[in-house]
Every structure is written in structure tokens, then in C-alpha cells.
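Position 166 of the sequence shown, counting from 1, maps to 166 under UniProt numbering, and the rest follow consecutively.
Notes to accompany the following structure.
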Amino acid sequence: METRELRYFVAVAEESHYGRAAARLGIAQPALTRTVQKLERRLGTPLFVRSGRTVSLTPAGSVLLREGRNALDAVEAADRRTRRAGRAEAERPGIALATKAGVSVDLLAALLDAYAAEPGAVPVDVVPAQIGEPERMLRDGRADVALLHLPDDDPATGLDREDIATEGVIVVLPGGHPLAARPALTLAELPDLPRPRWPRTDGSYPDGPGPAFLDSAQLFQLIALGRACAVLPESARPSLPRGVAAVPVTDAAPLTVHLVWPAHSRSRDVAALVRVATRLR
């Protein structure tokens, strides 16, 4: 299969409509239709079920959508990493480490300091990321490794990981809430406030009544206004703004901090960083 064919197929699958997919790709619809039909003939199976002006995926099409996205991500990642290596040809390229708000600053500092002390260590560029973004950055080549919380940030297949720490959980409440002065809470005692809907790794949001948000600044604003509460890792406490309060949740399952990297990575520098991270446990 050609990457062009995969891009065309993914566009039709995501739009569920040949006309919209053609407009998105900037090509004529007949050319798009012929390309998809050619792909179906080569694979020997239909990928779409046509219903009027819209289309839906067959079981085989669903498999190709999942695998095709991974393949296109890998191609884009190879392009980005090759260009980055080319720009740094005069010197050894460094490591791009993606991390989001809420990851322990102390843990990150300990990891960077320990790795910097290793013989042959290369520069590590810490890349701030929004909620749900680090996994996408790993897949498309913007990052070589990432720090993620599990189970909240449970990455899909195609990524390897190593646990490096665990931490407790807090609930973040409006500063004036009656429970904000409590020394601790249980899950059963959490207030009846909407829980924010975290963005998925593909940028979509799960269904539910809670407010959707794009970043931690929006989240904390909603909490300060009394519109939500959120269960977060203990390491988020130092970055909390004024107007909110944090209370430990004693019976919540602890969160695990993982260092995550693409399973196909052959970087010796990434491998060295992972080895250092495992010694921090």
C-alpha cells in the first residue's frame, strides 16, 4: 500500500463521506473514489458500506483504519526525526521529552540530573504538552520519550513503558467549598460537583455531563468558579493557583508515573535515559 492511498482511505473513514473527504484532501471526488476502489481490489475485501451519500466502515475497514493511522504516524515520525537529526548533524542530537502539567517537578528534576551525570549524556529538551497530547507527540515524532500517569494516561499499543514512581491522589475543590478544610476525604465523600471530561489522545472527549476543557488553566478556572472538581496526582499540588484547595483522597488507587517511548525506537540515548529512570524507583 502507498501512503497516499492510506491518507485517502483515512480521510474517507473519518469524514464518513467521499465529498467531504475530497474537499479536505483538496482533490476531485472521482479520483478519491477510484483510489479507494483500487485499494479494496488489491486487498480483496470491501472497506466501506455505502448508504446513500454517507459511508461506514466494514470490520476489515475498521482494522485498516487503526493500522493505517499507526502507519501514517510512523511515516510522519520518521520524517520529523530525520529532519531533526539533519539539523543537528554537526552535533549529536538530543532527546525530546514530553511532559504535561501535573507531573512531579521533583521527579523530573531528579531524572534529568541523574541522566546528565551519565557518560555520553546528550541534551534533553523538555517539551510542555497539553492533556492527552504526549502520546500523539510520541507517535508523530515530536517527542522521543514522555512522562505519563497511569491509569489515566494509559497508552495504546505501539508504545513501551517503564514505571518509575507512584504517588497519591488529591481532589481539587473550590477554595470556599465546605470540604476544602478537611484533612482528608474518601471517594465516597467527594462532593457532588461535575467532573471535567479529559480529552482523549485523539483530541475527542468522552460523553458525559461534566465540562470539557483544553488545558489545566481552564480546568482550574472552572474549579475556582465552583463548576467542577477534579481528582489529580499529588504532584499537581505545587502548581495549583489561588482560589482552589487540594485534599488527599485516602482510598483512591495510587497513580503510577511511567516513562514511555515508541516500541520501534532504536535510539541508544533513549535507552540510556530509560536505564537511568529505572534506577530512580
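C-beta atoms are modelled at their ideal positions from N, C-alpha and C, and glycine is treated no differently.
A quick note: this is a predicted structure, and the numbers were derived from the prediction, not measured.
Close-in-space but distant-in-sequence residues of the same chain around residue i (CB under 7 Å, 5 per side omitted)
i: residue 15; result: 21, 24
i: residue 162; result: 258, 259, 274, 277, 278
i: residue 112; result: 124
Run of the alpha helix (DSSP H) containing residue i, from where it starts to where it stops
i: residue 127; result: That residue, residue 127, is in no alpha helix (DSSP H); its beta strand (DSSP E) goes 124 to 129.
i: residue 133; result: 133 to 140
i: residue 277; result: 268 to 278
i: residue 41; result: 29 to 43
i: residue 5; result: 3 to 15
Nearest to residue i (by Cα), restricted to the options the options
i: residue 119; options: 272, 98, 64, 167; result: 272
i: residue 147; options: 34, 141, 12, 127; result: 127
i: residue 229; options: 236, 183, 235, 210; result: 210
i: residue 232; options: 184, 247, 170, 253; result: 170
i: residue 139; options: 52, 1, 262, 192; result: 262
i: residue 248; options: 167, 53, 144, 12; result: 167
i: residue 282; options: 69, 269, 47; result: With the chain covering only 1 through 281, there is no way to say anything about residue 282.
i: residue 184; options: 250, 172, 9; result: 250
i: residue 303; options: 219, 191, 187; result: Lying outside 1 to 281, the shown extent of the chain, residue 303 is not represented and no answer is given.
Unbroken beta strand (DSSP E) run spanning residue i, endpoints
i: residue 95; result: 95 to 100
i: residue 54; result: 54 to 57
i: residue 245; result: 244 to 248
i: residue 50; result: 48 to 51
Cβ-based burial, residue i [other Cβ within 10 Å; buried from 16]
i: residue 132; result: buried
i: residue 235; result: buried
i: residue 361; result: No answer is possible for residue 361: it lies beyond the span of the chain, which begins at 1 and ends at 281.
i: residue 2; result: exposed
i: residue 239; result: exposed
i: residue 4; result: exposed
i: residue 38; result: exposed
Residue(s) in a DSSP beta bridge with residue i
i: residue 63; result: Per DSSP, none; premise fails for residue 63.
i: residue 231; result: 171
i: residue 146; result: 98, 260
Short CB-CB distance (under 8 Å) between residue i and chain B
i: residue 235; result: Note that chain B does not occur in the displayed structure, where there is just one protein chain.
Cut-off 6 Å between Cβ atoms - residues of its own chain near residue i, not counting five sequence neighbours on either side
i: residue 267; result: none
i: residue 214; result: none
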